[in-house]
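Right, one structure below, let's go through it.
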Amino acid sequence: MATVTSPLPTAARPGARRSPSSSGGSGHRPRGGRVLNYVLLGLLFVVLLFPVYYGFVGSFMSPSDINTFPPHLWPLGGFVAENYANALEVIPLARQYLNSAAVAVLVVLGQLVTSVLAAYALVFLRLRGRRFWFALLLSTMMIPWEAIIIPNYLAMAELGLINTIAALALPYLAAGFGVFLLRQAFLTFPMELRDAARVDGVSTFGFLWRILVPLTRPTIAALGVWSFLSAWNMYFWPLLITQAPENQTIQIGIAQLQSVDANDPGMVLAGVVLALLPTLALVLFGQRFIVRGLTAGSGR
Numbered sequence: 001m002a003t004v005t006s007p008l009p010t011a012a013r014p015g016a017r018r019s020p021s022s023s024g025g026s027g028h029r030p031r032g033g034r035v036l037n038y039v040l041l042g043l044l045f046v047v048l049l050f051p052v053y054y055g056f057v058g059s060f061m062s063p064s065d066i067n068t069f070p071p072h073l074w075p076l077g078g079f080v081a082e083n084y085a086n087a088l089e090v091i092p093l094a095r096q097y098l099n100s101a102a103v104a105v106l107v108v109l110g111q112l113v114t115s116v117l118a119a120y121a122l123v124f125l126r127l128r129g130r131r132f133w134f135a136l137l138l139s140t141m142m143i144p145w146e147a148i149i150i151p152n153y154l155a156m157a158e159l160g161l162i163n164t165i166a167a168l169a170l171p172y173l174a175a176g177f178g179v180f181l182l183r184q185a186f187l188t189f190p191m192e193l194r195d196a197a198r199v200d201g202v203s204t205f206g207f208l209w210r211i212l213v214p215l216t217r218p219t220i221a222a223l224g225v226w227s228f229l230s231a232w233n234m235y236f237w238p239l240l241i242t243q244a245p246e247n248q249t250i251q252i253g254i255a256q257l258q259s260v261d262a263n264d265p266g267m268v269l270a271g272v273v274l275a276l277l278p279t280l281a282l283v284l285f286g287q288r289f290i291v292r293g294l295t296a297g298s299g300r
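Written as structure tokens, this is what we have:
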């Protein structure tokens, strides 16, 4: 007599797909929690973006629109494009803009060259006391700028560089942070890579410029963005080392713009927007390089 076996329940069958209701929902985040996260992120985004928005909008406002209480969030009296023209006429803002660009480019080039060479020497060259020299370079990051500003000023005065573009850039042509960042990136490459390049007849500088530099472009780009932003936003050193308005930078020009005509905040905001554009463009277009570059070699 044949025995009749009852079929297995659906949940017990091999390979049977479980219904969403039977999973208990333990692996899914509740929809209410996701909505709350989006709301908090949206509020934080508005708070962070509002100063930038008001700076751009306020640069087209008339004094009557800005000085009202509560202040207008839109130029109800019409767009005043003359704020930008007035900002460029009151002080030599265009010349100061070019000065800031020149100083930033010089600082970026100087820090990239010195950091690449120093990092290469600390990683791939057989130097005695490499750890000591590296620790010495890192210690320069712990010295406050106020402690060395007087020696730097005296050195620039001794060289006859006061009130020049060279004096603005010279103390910043090397940075311990850049050496540290590129050293960590170079440590991710095995020494066998250099040995193989030597076997193929590649020189030391050929290995550096043809192999290492192309492979570490994200880190180099991140260092370039960081150096540019630091040089562009300098205030105290340009204020100390330069006296003539045509030799000063855009940050000093904005402060002068506010003191010259404090009754026209729209014109001051126009100068602020002009100074903000390069940094905003760098952050927007160089963000992926900053993230990739600063996280490279983090595991070493």
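Residues in the sequence shown are numbered consecutively from 1, following UniProt numbering.
Virtual Cβ for every residue (Gly too), placed ideally from N, Cα, C.
Checklist line | Sequence-distant residues of the same chain with beta carbon closer than 6 Å to Q111, five excluded per side | finding: Contacts found: A175, G178 and S227.
Notebook entry, point to check: Around the Cβ of N99, are there at least 16 other Cβ atoms within 10 angstroms (buried) or fewer (exposed)?
Noted result: Label assigned to N99: buried.
Notebook entry, point to check: Applying the criterion that 16 or more other CB atoms from any shown protein chain within 10 Å of the CB defines a buried residue, is F285 buried or exposed?
Noted result: F285 is exposed by the Cβ-count criterion.
Check: Thinking C-beta only, is D65 closer than 7 Å to G77?
Finding: Pairing G77 with D65 gives a Cβ-Cβ distance under 7 Å.
Check: What first and last residue would you give for the alpha helix (DSSP H) that runs through D65?
Finding: It spans P63 to I66 - the alpha helix (DSSP H) in which D65 sits, taken as one unbroken run.
Notebook entry, point to check: Does DSSP put P51 in a helix, in a strand, or in coil?
Noted result: In the structure shown, P51 sits in a helix (DSSP, three-state: H, G or I).
Notebook entry, point to check: Do I250 and P238 have their C-beta atoms closer together than 7 Å?
Noted result: Cβ atoms of I250 and P238: not closer than 7 Å.
Margin query: Whether or not the segment 264-281 and the segment 80-88 are in contact is what I'm after, with contact meaning three or more pairs of Cβ atoms, one per stretch, closer than 8 Å; do they touch?
Written below: Yes: at least three Cβ pairs fall under 8 Å.
Next item on the list: With a 10 Å radius around its C-beta and 16 neighbouring C-beta atoms as the bar for buried, classify S139 as buried or exposed.
Entry: By the Cβ neighbour-count rule, S139 is exposed, with fewer than 16 other Cβ atoms within 10 Å of its own.
Checklist line | N-terminal and C-terminal residue of the alpha helix (DSSP H) that S100 is part of | finding: Per DSSP, S100 belongs to the alpha helix (DSSP H) from L93 to F124.
Check: If you run the structure through DSSP and keep just helix, strand and coil, what is T204?
Finding: Residue state, collapsed to three classes: helix.
Notebook entry, point to check: For M234, does the three-state DSSP call read helix, strand or coil?
Noted result: Assignment of M234 by DSSP, reduced to helix, strand and coil, places it in the coil class.
Check: Buried or exposed: which applies to L137, given that a residue is buried once 16 or more other Cβ atoms fall within 10 Å of its Cβ?
Finding: Under the 10 Å beta carbon count, L137 is surrounded by 16 or more other beta carbons and is classified as buried.
Check: When the Cα of V283 is compared with those of L240, S230, P245 and A135, which residue comes out closest?
Finding: Selected option, being the one with the closest Cα: S230.
Notebook entry, point to check: In whole angstroms, what separates the C-alpha of L117 from that of F180?
Noted result: Roughly 12 Å between the two C-alpha positions.
Item checked: Candidates T242, V52 and Y38, of which the one nearest G160 by Cα -> If we check each option's Cα against that of G160, T242 comes out closest.
Check: Could you give the residue range of the alpha helix (DSSP H) that holds P278?
Finding: In the DSSP assignment, P278 falls within the alpha helix (DSSP H) that extends over P265 to F285.
Item checked: CB-CB length for A102 against I165, believed under 8 Å -> A102 to I165, Cβ: 6 Å. Contact.
Next item on the list: Keeping to the same chain, check which residues put their C-beta closer than 7 Å to that of L280; ignore five residues upstream and five downstream.
Entry: Cβ within range, chain order: n/a, list empty.
Notebook entry, point to check: What's the call for I148, buried or exposed, on a 16-neighbour Cβ count within 10 Å?
Noted result: I148 should be labelled exposed.
Checklist line | Range of the contiguous alpha helix (DSSP H) that encloses G134 | finding: What sits at residue 134 in the sequence shown is Phe, not Gly. From DSSP, the alpha helix (DSSP H) with F134 extends over R130 to S139.
Checklist line | Beta-carbon gap between L182 and S115 smaller than 7 Å | finding: Yes, the pair counts as a contact, with Cβ atoms nearer than the cut-off.
Notebook entry, point to check: Could you give the distance in angstroms between the alpha-carbon of F53 and the alpha-carbon of L274?
Noted result: First, the residue type needs correcting, since residue 53 is Tyr and not Phe in the sequence shown. Roughly 14 Å between the two C-alpha positions.
Check: Does the pairing of the segment 123-135 with the segment 184-195 give three or more beta-carbon distances under 8 Å?
Finding: Yes, they touch.
Next item on the list: Report buried or exposed for A157, applying the criterion of at least 16 other Cβ atoms within 10 angstroms of its Cβ.
Entry: A157 should be labelled exposed.
Margin query: Relative to the C-alpha of L109, which candidate in A221, N247, F134 and P278 has its C-alpha closest?
Written below: Its Cα nearest to that of L109, the residue A221 stands out among A221, N247, F134 and P278.
Note to self: For M141 and F132, I'd like the C-alpha separation in whole angstroms.
What the structure shows: Rounded to the nearest angstrom, the two C-alpha atoms are 15 Å apart.
Next item on the list: State the DSSP-derived secondary structure class of F79, mapped to helix, strand or coil.
Entry: The three-state reading of DSSP puts F79 in coil, since its state is none of H, G, I, E or B.
Next item on the list: Could you tell me which of F186, A185, G42 and Y153 sits nearest to L170, measuring between CA atoms?
Entry: Taking L170 as reference, the option from F186, A185, G42 and Y153 with the minimal CA-CA separation is Y153.
Notebook entry, point to check: Rounded to a whole number of angstroms, what is the C-alpha to C-alpha distance between H72 and N263?
Noted result: Rounded to the nearest angstrom, the two C-alpha atoms are 17 Å apart.
Notebook entry, point to check: Which same chain residues, not among the five before or five after E246, have their C-beta less than 6 Å away from its C-beta?
Noted result: So the qualifying residues of the chain are P92 and R95.
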